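>
Number of protein chains: 2
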Amino acid sequence: METAQEQQTITLSTTELSVLGLLSAFGERSGYDLKKHAEAGVGYVWTAAKSQIYAVLPRLVEDGYATSRRVEQSSRPDKQVYRITDAGEEVFRAWLEEPVEERPDARSTFLLKIFFGRHMSREALVGHLERKREWALTYLDEYRGIEEEIRDEESSYFGYVTLRWGIAHAETWIRWADEILRELEKRP
Amino acid sequence: METAQEQQTITLSTTELSVLGLLSAFGERSGYDLKKHAEAGVGYVWTAAKSQIYAVLPRLVEDGYATSRRVEQSSRPDKQVYRITDAGEEVFRAWLEEPVEERPDARSTFLLKIFFGRHMSREALVGHLERKREWALTYLDEYRGIEEEIRDEESSYFGYVTLRWGIAHAETWIRWADEILRELEKRP
DNA sequence: GTCGACATGTAACCAGTTACATGATTAA
DNA sequence: TTAATCATGTAACTGGTTACATGTCGAC
Chain A
1023 METAQEQQTI TLSTTELSVL GLLSAFGERS GYDLKKHAEA GVGYVWTAAK
1073 SQIYAVLPRL VEDGYATSRR VEQSSRPDKQ VYRITDAGEE VFRAWLEEPV
1123 EERPDARSTF LLKIFFGRHM SREALVGHLE RKREWALTYL DEYRGIEEEI
1173 RDEESSYFGY VTLRWGIAHA ETWIRWADEI LRELEKRP
Chain B
1023 METAQEQQTI TLSTTELSVL GLLSAFGERS GYDLKKHAEA GVGYVWTAAK
1073 SQIYAVLPRL VEDGYATSRR VEQSSRPDKQ VYRITDAGEE VFRAWLEEPV
1123 EERPDARSTF LLKIFFGRHM SREALVGHLE RKREWALTYL DEYRGIEEEI
1173 RDEESSYFGY VTLRWGIAHA ETWIRWADEI LRELEKRP
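Chains as they are written, first to last, in the numbering used here: chain A, 1023 to 1210; chain B, 1023 to 1210.
Set out below in structure tokens:
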């Protein structure tokens, strides 16, 4: 009654699907491993708290999208490792090919504050913009470092593609902030 | 015990603060009005479901950040209107001036799918990119329309500033998508 | 002897979403 | 008469966060 086949509409959360994707890409892993891997990879496009990963994994097993087994270790705590099943592979692929429902994600505290810029002191406003600029510069730097490392690795191509979005995004913030800061100087 | 003054740490949700901001900017309004105004203004940087607005308003009154009164109407249903208090004005300003805690918001279903592009058919991948491009074009168009309208209105300056972010953002998506699409054509 | 990495979870909470419910008035 | 606008809410749910809890082993 709760298996994948019998359900009419399969709705998995994005986190479940991203975990499924990681299992598909990396093979058998523990929750701990996944968290590590996620941080240094998809982490840039999708994050999950470790408590959530531990919550998601048994759910995937229950639904038949993964299997788990206990691995005993001598010099480390035992661990529970998970492997994606064919059914899991299938929903993952199906989800991947589905169009993304684009809704303009209107949810930026930063822009909200700027929007209310009129109610703010000049210093605070400039501070916000300068901080944003700094922050973007920091990320740009970090991303450029990673870019160097992966740009020629064929296996990281799609990581490289998303990273380039991150770089373009950071550059856009910087350009925008600069423009507004310059403009503010000329305003009374 | 629950009033603003006595609380040590005042933590309001962003939605509560954005509602407070709207009350500060527009004066006395009903929940219904706020929802309308929000859609055509901040809506672009912060959205809230109407049920949430109706939930937030009495909470603001309870905490002393707003007052409400019933307005009887003859040809329309009566309404409850809200007005920001001095205490409300104060927390709003204080919040505005506070630095925004910048965390790289890694939460894009779209980028997550692209990240797993290797597991996807070429058609699906191209489809995702083209759809993103189209979507960005549509928004760009809309934003450019609004830009025309408000660019010279001094009173909309900060709306104009955030709008320009939206425009730059959309343009960046388009440029990025074009680049990747061109690149994919050259790849085996 | 204590710090950091390995390892797994529970519990409480919260912001926000969707769906449901109701009802008046007005313009087409 | 039917649809749209005005007007306000409740209820159920969910995805996700933070904090708490526990313990081993190896390196320094």
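All residues carry an ideal CB built from backbone N, CA and C; glycine is no exception. The model shown is predicted, which means the values in this text are computed figures rather than measured ones.
Which value, in whole angstroms, describes the spacing of the CA atoms of alanine 1088/A and tyrosine 1054/A?
The alpha-carbon atoms of alanine 1088/A and tyrosine 1054/A are separated by roughly 16 Å.
> Closest by CA to arginine 1081/A, which one among Leu1147/A, Thr1033/A, Lys1058/A, Ser1177/A?
Checking every option, the nearest Cα to that of arginine 1081/A belongs to Thr1033/A.
> 8 Å is my cut-off, CB to CB: does proline 1210/A come that close to chain B?
Closer than 8 Å: no.
> Specify the secondary structure class of valine 1109/B as computed by DSSP and reduced to three states.
Residue identity check: residue 1109/B is alanine in the sequence provided, not valine. Note: alanine 1109/B maps to helix in three-state DSSP.
> Just checking, does the region 1144-1156 of chain B make contact with the region 1196-1209 of chain B on the three C-beta pairs under 8 Å criterion?
Touching, yes.
> Assuming the contact rule is C-beta atoms closer than 8 Å, phenylalanine 1138/B and glycine 1043/A should be a hit. Round their C-beta distance to whole Å, please.
At roughly 5 Å, the Cβ-Cβ gap stays under 8 Å, so phenylalanine 1138/B and glycine 1043/A are in contact.
> Identify whether threonine 1033/A lies in helix, strand or coil by the three-state DSSP scheme.
Three-state result, threonine 1033/A: coil.
> Got a sec? Which residues, its chain only, sit under 8 Å from leucine 1147/A by beta carbon, not counting five neighbours each side?
The answer, listed in chain order, is Ile1136, Gly1139, Leu1206.
> At a Cβ threshold of 8 Å, is threonine 1131/B touching chain A?
Output row for threonine 1131/B: interface = yes.
> Can you list the residues of chain A that lysine 1057/B reaches, using a CB-CB cut of under 7 Å?
Near lysine 1057/B there are no residues of chain A at all, since even the closest Cβ is about 14 Å away, more than 7 Å.
> Mapping DSSP to helix, strand and coil, what is glutamine 1095/A?
Reduced to three states, the DSSP call for glutamine 1095/A is coil.
> Is DSSP giving serine 1143/A helix, strand or coil here?
Serine 1143/A: coil per DSSP, three-state reduction.
> With burial defined as no fewer than 16 other Cβ atoms inside 10 Å of the residue's Cβ, what is the status of glutamate 1061/B: buried or exposed?
The residue in question, glutamate 1061/B, is exposed, as its Cβ has fewer than 16 Cβ neighbours within 10 Å.
> Short of 7 Å Cβ to Cβ, which residues in the region 1118-1147 of chain B face chain A?
Listed by position along the chain: Leu1118, Glu1119, Pro1121, Val1122, Glu1124, Pro1126, Ala1128, Arg1129, Ser1130, Thr1131, Phe1132, Leu1133, Leu1134, Lys1135, Ile1136, Phe1137, Phe1138, Gly1139, Arg1140, His1141, Met1142, Ser1143, Ala1146.
> Going straight from the alpha carbon of isoleucine 1202/B to that of alanine 1077/B, what length do you get?
In a straight line, the C-alpha of isoleucine 1202/B is about 44 Å away from that of alanine 1077/B.
> What residues of chain B sit near alanine 1190/A, judged by a beta carbon separation below 8 Å?
Those within 8 Å of alanine 1190/A in chain B are Thr1194, Arg1197, Trp1198.
> Run down chain B in chain order and give the residues with a C-beta less than 8 Å from the C-beta of phenylalanine 1180/A.
Residues of chain B passing the Cβ test: Ile1136, Phe1137, Phe1138, Gly1139, Arg1140.
> Pull up the distance between the alpha-carbon of valine 1083/B and that of serine 1177/B, whole angstroms please.
Rounded to whole angstroms, valine 1083/B to serine 1177/B spans 29 Å at the Cα level.
> When the Cα atoms are used, what is the spatial distance from methionine 1023/A to alanine 1109/A?
In this prediction, methionine 1023/A has a pLDDT of 36, which is less than 50 and means its spatial position is unreliable; what the coordinates show is noted afterwards. The straight-line gap from Cα to Cα measures roughly 16 Å.
> Taking only the alpha-carbon atoms, compute the straight-line gap between leucine 1162/A and serine 1130/B and give it to the nearest angstrom.
Approximately 18 Å between the Cα atoms of the pair.
> By alpha-carbon positions, which one of Glu1050/A, Gly1063/A, Thr1037/A ends up nearest to isoleucine 1075/A?
Closest option to isoleucine 1075/A, Cα to Cα, is Thr1037/A.
> Between the C-alpha atoms of glutamine 1029/B and tryptophan 1117/B, what's the straight-line distance to the nearest angstrom?
Bear in mind that a pLDDT of 41 at glutamine 1029/B, under 50, signals an unreliable position, so the model cannot answer this.
> By Cβ distance, which residues of its chain are closer than 7 Å to arginine 1091/B, with the 5 residues on each side in sequence left out?
Counting only Cβ-Cβ distances below 7 Å, and skipping sequence neighbours, we find Val1103.
> Would you say serine 1040/B faces chain A, with C-beta separation under 8 Å as the test?
Interface residue, yes.
> Which residues, taken in chain order from the region 1046-1071 of chain B, show a beta carbon closer than 9 Å to some beta carbon of chain A?
Cβ contacts with chain A: Ser1046, Ala1047, Gly1063, Val1064, Gly1065, Tyr1066, Val1067, Trp1068, Thr1069.
> In angstroms with no decimal places, state the Cα-to-Cα distance between methionine 1142/B and glutamate 1119/A.
Distance between the alpha carbons of methionine 1142/B and glutamate 1119/A is about 7 Å.
> I'd like to confirm the pairing. Which residues does DSSP put opposite serine 1090/B in its beta bridges?
DSSP output for serine 1090/B lists Tyr1104/B as bridge partner(s).
> From this set, Thr1194/A, Arg1051/A, Lys1057/A, Leu1045/A, which residue's C-alpha is nearest tryptophan 1157/A's C-alpha?
Comparing Cα-Cα distances from tryptophan 1157/A to each of Thr1194/A, Arg1051/A, Lys1057/A, Leu1045/A, the minimum goes to Thr1194/A.
> Could you tell me whether any Cβ in chain A is nearer than 8 Å to the Cβ of phenylalanine 1110/B?
Per the sequence presented here, residue 1110/B reads as glycine, with phenylalanine not at that position. No, glycine 1110/B lies away from the interface with chain A (no Cβ there is under 8 Å from its Cβ).
> Given the structure, does arginine 1091/A come close to the ligand GTP, in the sense that its CB is under 7 Å from one of the ligand's heavy atoms?
Here there are no bound small molecules, and the ligand GTP is not part of this structure.
> Exposed or buried, glycine 1181/B, counting other C-beta atoms within 10 Å across all chains shown (16 or more means buried)?
Classification of glycine 1181/B: buried, given that the 10 Å Cβ count is 16 or more.
> Using a C-beta cutoff of 8 Å, does isoleucine 1168/B count as contacting chain A?
With 8 Å as the cut-off, isoleucine 1168/B does not count as an interface residue toward chain A.
> Taking only beta-carbon atoms, is glycine 1086/A less than 8 Å away from chain B?
Not an interface residue.
> Would you mind telling me which residues of chain A sit closer than 9 Å to tyrosine 1104/B, beta carbon to beta carbon, in chain order?
Within chain A, no residue comes near tyrosine 1104/B; the closest Cβ sits about 17 Å away, beyond 9 Å.
> Kindly list, in the order they appear in chain A, the residues whose Cβ is closer than 7 Å to that of isoleucine 1202/B.
By Cβ distance, chain A contributes Val1183.
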